[in-house]
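Please read the structure below before turning to the comments.
Number of protein chains: 4
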Amino acid sequence: MPENDLLIVYTSKNGRTGAMVDPISHGIKAAGASVLIRTVEEVDWEDMLSAKGVIVGTPVRFGDVDWQVKRLFDITAFQDYPGPLSGKVGGAFTGGGLPGSGAELALLSMLHILLNHGMVIQGNAHTSHYGPIGLRDFPESQVNSICEAWGRHWAELVYRLNPSV
Amino acid sequence: MPENDLLIVYTSKNGRTGAMVDPISHGIKAAGASVLIRTVEEVDWEDMLSAKGVIVGTPVRFGDVDWQVKRLFDITAFQDYPGPLSGKVGGAFTGGGLPGSGAELALLSMLHILLNHGMVIQGNAHTSHYGPIGLRDFPESQVNSICEAWGRHWAELVYRLNPSV
Amino acid sequence: MPENDLLIVYTSKNGRTGAMVDPISHGIKAAGASVLIRTVEEVDWEDMLSAKGVIVGTPVRFGDVDWQVKRLFDITAFQDYPGPLSGKVGGAFTGGGLPGSGAELALLSMLHILLNHGMVIQGNAHTSHYGPIGLRDFPESQVNSICEAWGRHWAELVYRLNPSV
Amino acid sequence: MPENDLLIVYTSKNGRTGAMVDPISHGIKAAGASVLIRTVEEVDWEDMLSAKGVIVGTPVRFGDVDWQVKRLFDITAFQDYPGPLSGKVGGAFTGGGLPGSGAELALLSMLHILLNHGMVIQGNAHTSHYGPIGLRDFPESQVNSICEAWGRHWAELVYRLNPSV
Numbered sequence: 045m046p047e048n049d050l051l052i053v054y055t056s057k058n059g060r061t062g063a064m065v066d067p068i069s070h071g072i073k074a075a076g077a078s079v080l081i082r083t084v085e086e087v088d089w090e091d092m093l094s095a096k097g098v099i100v101g102t103p104v105r106f107g108d109v110d111w112q113v114k115r116l117f118d119i120t121a122f123q124d125y126p127g128p129l130s131g132k133v134g135g136a137f138t139g140g141g142l143p144g145s146g147a148e149l150a151l152l153s154m155l156h157i158l159l160n161h162g163m164v165i166q167g168n169a170h171t172s173h174y175g176p177i178g179l180r181d182f183p184e185s186q187v188n189s190i191c192e193a194w195g196r197h198w199a200e201l202v203y204r205l206n207p208s209v
Numbered sequence: 045m046p047e048n049d050l051l052i053v054y055t056s057k058n059g060r061t062g063a064m065v066d067p068i069s070h071g072i073k074a075a076g077a078s079v080l081i082r083t084v085e086e087v088d089w090e091d092m093l094s095a096k097g098v099i100v101g102t103p104v105r106f107g108d109v110d111w112q113v114k115r116l117f118d119i120t121a122f123q124d125y126p127g128p129l130s131g132k133v134g135g136a137f138t139g140g141g142l143p144g145s146g147a148e149l150a151l152l153s154m155l156h157i158l159l160n161h162g163m164v165i166q167g168n169a170h171t172s173h174y175g176p177i178g179l180r181d182f183p184e185s186q187v188n189s190i191c192e193a194w195g196r197h198w199a200e201l202v203y204r205l206n207p208s209v
Numbered sequence: 045m046p047e048n049d050l051l052i053v054y055t056s057k058n059g060r061t062g063a064m065v066d067p068i069s070h071g072i073k074a075a076g077a078s079v080l081i082r083t084v085e086e087v088d089w090e091d092m093l094s095a096k097g098v099i100v101g102t103p104v105r106f107g108d109v110d111w112q113v114k115r116l117f118d119i120t121a122f123q124d125y126p127g128p129l130s131g132k133v134g135g136a137f138t139g140g141g142l143p144g145s146g147a148e149l150a151l152l153s154m155l156h157i158l159l160n161h162g163m164v165i166q167g168n169a170h171t172s173h174y175g176p177i178g179l180r181d182f183p184e185s186q187v188n189s190i191c192e193a194w195g196r197h198w199a200e201l202v203y204r205l206n207p208s209v
Numbered sequence: 045m046p047e048n049d050l051l052i053v054y055t056s057k058n059g060r061t062g063a064m065v066d067p068i069s070h071g072i073k074a075a076g077a078s079v080l081i082r083t084v085e086e087v088d089w090e091d092m093l094s095a096k097g098v099i100v101g102t103p104v105r106f107g108d109v110d111w112q113v114k115r116l117f118d119i120t121a122f123q124d125y126p127g128p129l130s131g132k133v134g135g136a137f138t139g140g141g142l143p144g145s146g147a148e149l150a151l152l153s154m155l156h157i158l159l160n161h162g163m164v165i166q167g168n169a170h171t172s173h174y175g176p177i178g179l180r181d182f183p184e185s186q187v188n189s190i191c192e193a194w195g196r197h198w199a200e201l202v203y204r205l206n207p208s209v
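Protein chains in written order, with the numbering used here: chain L, 45 to 209; chain A, 45 to 209; chain E, 45 to 209; chain V, 45 to 209.
Okay, here's the thing in structure tokens:
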């Protein structure tokens with residue numbers, strides 16, 4: 045199994061979350077790190093174990109993560125818990141509707157799940173603080189540049205935590 | 045379809061959440077209200093539509109609701125959204141492990157879902173503020189009396205919101 | 045002390061939260077209810093006790109409520125706690141910056157405080173789900189219409205909970 | 045100004061949060077790291093800037109951080125924002141009452157503030173997931189051992205992020 049710096053696992057409802065995958069992985073690669081991309085249906089436990097960090101993309105579903113993302117963690121990632129994901133980098137991004145439609149809550153619910161696994165997460169003082177958020181009427185170019193900045197930021201955290209990389 | 049004052053939908057992982065159903069429904073009935081009890085596998089959309097309030101019980105799963113509870117709302121309760129559950133009473137309860145194992149976060153994630161549906165929720169200044177929580181090493185009798193108080197409290201909110209009942 | 049249906053307590057940082065007070069109170073009055081408006085510096089405990097509901101406006105400060113709003117609840121509203129605000133209507137609104145800058149988190153932190161007091165809150169399935177949010181680059185007219193809808197929605201909840209009003 | 049690995053800033057209401065400072069700093073020192081301890085009244089901006097990580101202790105106040113802690117961040121830590129605390133380790137601990145009295149919410153509100161500053165936080169899969177929580181009727185020895193484990197865990201994160209230390 046080739047080891048990857050970062051794994052992106054995602055699912056999309058209307059394409060908005062899926063559209064964030066490209067600019068995020070662009071930012072990761074621009075920082076010189078490798079990235080594996082998997083949908084929530086195709087990802088397996090080995091993909092998660094072999095990455096140095098896991099970034100999860102979920103559409104906003106009632107102010108919380110999508111049920112398929114939840115099932116991934118309740119069942120797949122429950123194997124050998126606690127332990128296997130501890131100390132890895134974690135992160136989240138989400139695509140939603142209007143302000144107040146639950147995007148921050150969905151993002152934070154995802155981060156809580158990653159903290160439960162003992163993962164290391166970070167905020168960003170300069171841009172969308174908890175992770176990239178793509179809202180419906182927000183300019184695509186601005187969302188893309190936030191996604192790229194976060195991809196780069198996550199890659200840098202992988203480097204800081206794994207100095208021999 | 046007989047109309048019920050309150051519907052309890054729940055799922056349990058190790059029995060702790062399930063054990064809270066009895067004292068909660070006892071409190072509801074003690075206040076003179078009717079209650080229908082359904083597991084997350086057996087509940088249907090009509091049960092939810094015909095109740096004046098819906099109380100959801102979920103085990104703590106990584107600081108969030110169980111994936112089957114999430115699926116119930118992402119799929120079943122998404123029918124005809126927004127609208128059908130608006131203005132009804134909502135509430136939640138959860139069974140968890142140690143303090144800090146995510147019980148409050150799971151409870152609040154559930155309440156956020158109910159708020160997304162336009163439901164009316166309440167806090168309780170005198171006891172477990174956001175809904176009943178049953179932790180592993182906490183005395184069962186104390187959990188039961190919190191559950192009963194909340195059952196009564198929810199029934200009273202149904203009465204306040206539906207004065208002709 | 046004249047009794048009011050709703051009290052709006054607020055503070056503003058750059059004017060964005062303050063600008064939401066007018067359209068919200070317009071919606072409240074359009075529904076036939078009375079409203080008292082106070083800044084966080086001028087409100088007193090009697091204002092809070094004599095209203096049937098309290099709506100709090102706070103700017104987003106690091107994904108949480110403003111420290112002066114927090115002090116109001118930690119000190120002023122702590123008098124005779126638990127009890128005096130139980131069963132009243134509660135609500136919150138906030139003015140923030142970009143999506144992901146913490147507006148939903150600030151709003152929810154405020155709602156948690158109100159739930160701790162045993163207040164009754166509601167969501168809205170049709171618009172900003174947890175309360176009005178005014179972001180920097182979001183069209184003012186759209187924010188205003190969300191504020192008006194919520195003002196009306198809160199007044200209606202006061203009527204439902206106080207049928208003799 | 046001597047540089048410290050970790051700074052603990054705290055305030056206490058009834059002594060429960062304050063009692064957690066000792067076992068946490070014991071865990072930090074056991075891992076070979078240095079720690080500076082300051083109350084929220086005595087800490088200054090230089091203390092925060094010169095540490096490699098900041099751990100904040102707050103009592104549970106209505107499911108949120110204490111207003112003095114909030115003021116520290118709204119005013120003191122707002123200097124030169126965004127930037128000065130970015131990339132440092134962040135963490136939180138809290139002392140509360142019963143399960144459901146808001147301890148997890150207070151802890152998470154504190155973590156959100158630290159994420160807003162771009163800090164790096166971590167969860168713990170094996171113990172109180174988001175940070176140490178001391179509840180009223182929970183055995184003191186168990187709280188102490190959770191505090192020590194977290195102190196050690198935070199020191200290790202400082203080492204991972206600052207390999208030359």
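Positions of the beta carbon are idealized from the N, C-alpha and C atoms, including for glycine.
Contact of Val53 (chain A) with chain E is not assigned, every C-beta pair being separated by 8 Å or more.
With a contact defined as Cβ atoms closer than 8 Å, Ile157 (chain V) and Phe106 (chain E) qualify at about 4 Å. Ranked by how close their Cα comes to the Cα of Gly76 (chain A), the residues A:Pro207, A:Leu179, A:Glu200 and A:Ser208 have A:Glu200 in first place. Looking only at A:Leu51, A:Lys132 and A:Gly141, the smallest Cα-Cα distance to Asn160 (chain A) is reached by A:Lys132. The DSSP assignment places complete beta strand (DSSP E) segments of no fewer than 3 residues inside the stretch 155-192 of chain E at 164-166, in order along the chain.
For Trp89 (chain E), not one C-beta of chain V is nearer than 8 Å to its own C-beta. When C-alpha distances from Tyr125 (chain E) are compared across A:His170, A:Cys191, A:Trp198 and A:Gln186, the shortest belongs to A:His170. Ala193 (chain E) and Gly162 (chain L) have their alpha carbons spaced roughly 42 Å apart. Per the DSSP secondary-structure output, Asn48 (chain E) pairs in a beta bridge with E:Ala95.
Listed in chain order, the positions of the stretch 140-163 of chain A with a beta carbon within less than 7 Å of a beta carbon of chain L are Gly146, Leu149, Ser153, His156, Ile157 and Asn160. Its Cα nearest to that of Gly127 (chain L), the residue L:Met92 stands out among L:Arg60, L:Ser153 and L:Met92. Neighbours of Gln112 (chain V) across chain L, judged by C-beta separation under 9 Å, do not exist; the nearest C-beta is about 22 Å away. In the three-state reduction of the DSSP assignment, Leu80 (chain A) falls in the strand class, which pools E and B. With fewer than 16 other Cβ atoms from the protein chains shown falling within 10 Å of its own Cβ, Asn58 (chain E) counts as exposed. Among the CB atoms of chain V, none fall inside 8 Å of the CB of Ser189 (chain A). Thr120 (chain L) is not bridged by DSSP to any residue.
Taking His173 (chain V) as the centre and dropping the five residues before and after it, the same chain places the C-beta of Gly167 closer than 7 Å to its C-beta, in chain order. Look at Arg105 (chain L) here: in three-state DSSP terms it is strand. Not one beta carbon of chain L lies nearer than 8 Å to the beta carbon of Asp124 (chain A). Less than 8 Å separates the beta-carbon of Val100 (chain L) from that of Val113 (chain L). Residues of the stretch 171-183 of chain V that bring their beta carbon within less than 9 Å of a beta carbon in chain A comprise Thr171, Ser172, His173, Tyr174, Gly175, Pro176, Ile177, Gly178, Leu179, Asp181, Phe182 and Pro183, in sequence order. Assignment of Ala150 (chain E) by DSSP, reduced to helix, strand and coil, places it in the helix class. Residue burial is scored here from C-beta neighbours: Ala74 (chain A) has fewer than 16 other C-beta atoms within 10 angstroms and is therefore classed as exposed. Residue environment: Arg60 (chain A) is assigned as buried (16 or more neighbouring CB atoms within 10 Å of its CB, all protein chains considered). Contact annotation: Ile177 (chain E) and Pro207 (chain L) have beta-carbon atoms that are not nearer than 8 Å. Proximity of chain A to Arg204 (chain E) at the Cβ level (cut-off 7 Å) is accounted for by Leu205, in chain order. DSSP places Val87 (chain L) in no alpha helix (DSSP H); its state is neither H nor E. Between the alpha carbons of Ser189 (chain A) and His70 (chain A) lies a distance of about 10 Å. The beta carbon of Ile72 (chain A) does not come within 8 Å of any beta carbon belonging to chain E, so the residue lies off that interface.
At a cut-off of 8 Å between beta carbons, Gly59 (chain V) makes no contact with chain A. If you check the CB distance, Arg180 (chain L) and Gly146 (chain L) do not come in under 8 Å. When the Cα atoms are used, Val109 (chain A) and Ser94 (chain V) turn out to be separated by approximately 40 Å.
A Cβ-Cβ distance of about 14 Å is found for the pair Gly134 (chain E) and Gly195 (chain E), leaving them out of contact under the 8 Å criterion. Only exposed fits Asp88 (chain A), as fewer than 16 other CB atoms lie within 10 angstroms of its CB.
Contact annotation for Ala169 (chain A) against chain E: Tyr125, Pro126, Gly127, Leu129, Ser130, Asn160, His161 and Gly162 [CB-CB distance below 8 Å, chain order]. Distance from Leu149 (chain L) to Ala136 (chain L) at the Cβ level is roughly 12 Å; contact not present, criterion being Cβ atoms closer than 8 Å.
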